[in-house]
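Asker: The opening residue of the sequence shown carries number 2 in the working numbering; numbering runs sequentially from there.
No residue lacks a Cβ here, since even glycine has one placed at the ideal position from N, Cα and C.
Computed from a prediction, not measured in an experiment: that's the story for all the values here.
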Amino acid sequence: MMDPFFRVDNLNTWFFTRQGVIKSVRDISFELSRGEVLGIVGESGSGKSVTGMSIMGQIDEPGRIVSGSIALDGEELTTLGFEEMRHYRGKRIAMVFQNPLMTLNPLMRVRDQMYEAIGEHENISHKDMHDRCIEALKAVGIPSPNERLNAYPHEMSGGMRQRVVIAIALLLGPDMIIADEPTTALDVTIQAQIIYHIRRLIDEHGLGMIWITHDLSTLSELADRIMVMYAGATMEIGTTEEIIGAARHPYTRKLLDSVPSRNVPGQKLNQIPGNMPSLLALGKGCPFAGRCDRATDICSEPVPAIQLSATHHIWCYHPFED
Numbered sequence: 002m003m004d005p006f007f008r009v010d011n012l013n014t015w016f017f018t019r020q021g022v023i024k025s026v027r028d029i030s031f032e033l034s035r036g037e038v039l040g041i042v043g044e045s046g047s048g049k050s051v052t053g054m055s056i057m058g059q060i061d062e063p064g065r066i067v068s069g070s071i072a073l074d075g076e077e078l079t080t081l082g083f084e085e086m087r088h089y090r091g092k093r094i095a096m097v098f099q100n101p102l103m104t105l106n107p108l109m110r111v112r113d114q115m116y117e118a119i120g121e122h123e124n125i126s127h128k129d130m131h132d133r134c135i136e137a138l139k140a141v142g143i144p145s146p147n148e149r150l151n152a153y154p155h156e157m158s159g160g161m162r163q164r165v166v167i168a169i170a171l172l173l174g175p176d177m178i179i180a181d182e183p184t185t186a187l188d189v190t191i192q193a194q195i196i197y198h199i200r201r202l203i204d205e206h207g208l209g210m211i212w213i214t215h216d217l218s219t220l221s222e223l224a225d226r227i228m229v230m231y232a233g234a235t236m237e238i239g240t241t242e243e244i245i246g247a248a249r250h251p252y253t254r255k256l257l258d259s260v261p262s263r264n265v266p267g268q269k270l271n272q273i274p275g276n277m278p279s280l281l282a283l284g285k286g287c288p289f290a291g292r293c294d295r296a297t298d299i300c301s302e303p304v305p306a307i308q309l310s311a312t313h314h315i316w317c318y319h320p321f322e323d
């Protein structure tokens, strides 16, 4: 792996509610290199989206980053004020969300929304704006970019709208993009096309990307490394080959077992028995212990990280053997 330009160290993001403290992200650490895709995977409530919003500095009350570090090229982001962080959003770090209809303004043409994104950070001519928008639309595989530039969001398909959102994220040449379930609502053909264009852009421009998803099969095609989260904590992190082909954590194994085979029509889906523990009442031990058939009494104690290789780490007392 190349030298990382982005680091998250021991990040804790909690929400202080009337019911109690929801510890959505607990001691998360990872790094990202240019030209690399880090996939963050986990079921709903695992903390993966809160991790992304923490990086963007968009945690609203009653939530806040309690402790930890988020650094881009050595500059600490958690201490930046609102206006300082605005400089980073879009320009250095961009985010793509699952639903483009929640991102795009239905009353504005695509052109005006793209111009607005550029104008927030740069003062360039109308012609330069137009040329940059056309190039961005072409880069994500949008045909007839001039025509699409003058369209409203409702005049395009879901897949085309998502490509527009990705094009907007690329406009300012960010160092990294956080993509939160960006292809979940799309059919598999459109998903494959968008993943192809994203991987090409990453390789061509040296972007770093964090791809947040519940779908391990997507990450197997796109990611260089994968971090598995559960109940706000990291269970396992490693290269895609290590996670997909040689997972050692019981939770990762169960996630892999629950992925349906495309070659077996009508296959019964494997579900993980039980439910995720309440984030209001987490103990000090492994949060997966209550659903794990390998758990013993020691799993109620704090779980240390185990380094299996230079790139592969797990947090488990009873990992699977090779």
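How many angstroms separate the CA atom of H319 from the CA atom of I41?
Answerer: The residue given as residue 319 occupies position 318 in the sequence shown. The residue given as residue 41 occupies position 40 in the sequence shown. Each residue's alpha carbon lies about 22 Å from the other.
Asker: Give the straight-line distance between the Cα atoms of A118 and L150, rounded to the nearest whole angstrom.
Answerer: Counting from 1 along the sequence shown, the entry for residue 118 is found at position 117. Counting from 1 along the sequence shown, the entry for residue 150 is found at position 149. The alpha-carbon atoms of A118 and L150 are separated by roughly 14 Å.
Asker: Measuring only the C-alpha atoms, how far is T190 from I196?
Answerer: The residue you call residue 190 lines up with position 189 of the sequence shown. The residue you call residue 196 lines up with position 195 of the sequence shown. So the alpha carbons of these two residues sit roughly 10 Å apart.
Asker: Using only the alpha-carbon positions, how far apart do P261 and S218 sit?
Answerer: Counted from its first residue, the sequence shown places residue 261 at position 260. Counted from its first residue, the sequence shown places residue 218 at position 217. Approximately 9 Å between the Cα atoms of the pair.
Asker: What residue ranges within the segment 28-65 form continuous alpha helix (DSSP H) runs of no fewer than 4 residues, ordered along the chain?
Answerer: Counting whole runs of 4 or more residues, the segment 28-65 contains the alpha helix (DSSP H) stretches 49-56.
Asker: Would you tell me roughly how many angstroms separate the C-alpha atoms of K255 and E182, rounded to the nearest one?
Answerer: Reading the sequence shown from its first residue, position 254 is the one you call residue 255. Reading the sequence shown from its first residue, position 181 is the one you call residue 182. So the two alpha carbons sit approximately 21 Å from each other.
Asker: For L138, which of P146, R201 and M3 has the nearest alpha-carbon?
Answerer: Reading the sequence shown from its first residue, position 137 is the one you call residue 138. Checked all of P146, R201 and M3; the closest Cα to L138 is P146.
Asker: From the DSSP secondary-structure annotation, give me the bridge partner or partners of D132.
Answerer: Locating residue 132 in the sequence shown gives position 131, counting from the first residue. Beta-bridge pairing links D132 to no other residue.
Asker: Residues in the same chain with beta-carbon distance under 6 Å from I167, minus the five sequence neighbours each way, listed in chain order, please.
Answerer: Along the sequence shown, one-based indexing puts residue 167 at 166. So the qualifying residues of the chain are V97 and V141.
Asker: Near F321, which residues of its chain fall below 6 Å by C-beta distance, leaving aside the five closest residues on each side in sequence?
Answerer: Taking the sequence shown and counting its residues from 1, the one referred to as residue 321 is at position 320. Once the five neighbours on either side are set aside, the close Cβ partners of F321 are R249.
Asker: Just the C-alpha distance for H206 and L105, rounded to the nearest angstrom, thanks.
Answerer: Against the sequence shown, residue 206 aligns to sequence position 205. Against the sequence shown, residue 105 aligns to sequence position 104. Straight-line Cα distance between these residues: approximately 25 Å.
Asker: Since E85 sits in a beta bridge, which residues does DSSP pair it with?
Answerer: Here residue 85 is taken as the residue at index 84 of the sequence shown, counted from 1. In the DSSP output, where bridge partners are listed per residue, E85 has none listed.
Asker: Tell me whether the beta-carbon of N13 lies closer than 8 Å to the beta-carbon of V22.
Answerer: Reading the sequence shown from its first residue, position 12 is the one you call residue 13. Reading the sequence shown from its first residue, position 21 is the one you call residue 22. Not in contact: N13 and V22 (Cβ atoms no closer than 8 Å).
Asker: When the Cβ atoms of the segment 274-294 are set against those of the segment 233-247, are three or more pairs found closer than 8 Å?
Answerer: A contact exists between the segment 274-294 and the segment 233-247.
Asker: What did DSSP end up calling R90 once you bin it into helix, strand or coil?
Answerer: Within the sequence shown, the letter at position 89 stands for residue 90. R90 falls in the strand class under three-state DSSP.
Asker: Check whether the Cβ atoms of K92 and L173 lie closer than 8 Å to each other.
Answerer: To locate residue 92, count along the sequence shown from 1; it is residue 91. To locate residue 173, count along the sequence shown from 1; it is residue 172. In this structure, L173 lies closer than 8 Å to K92 by Cβ.
Asker: Per DSSP, what kind of secondary structure is R295 in: helix, strand or coil?
Answerer: Within the sequence shown, residue 295 is the residue found at index 294, counting from 1. Reduced to three states, the DSSP call for R295 is coil.
Asker: Using the Cα positions of P175 and A95, report the straight-line distance between them to the nearest angstrom.
Answerer: Here residue 175 refers to the residue found at position 174 when the sequence shown is read from its first residue. Here residue 95 refers to the residue found at position 94 when the sequence shown is read from its first residue. Cα-Cα distance, rounded: 6 Å.
Asker: Using a Cβ-Cβ cut-off of 8 Å (strictly less than) and excluding sequence neighbours within five positions of S47, which residues of its own chain qualify?
Answerer: What you label residue 47 is simply residue 46 of the sequence shown in a count that begins at 1. Only M230, Y231, A232, G233 and M277 meet the Cβ criterion.
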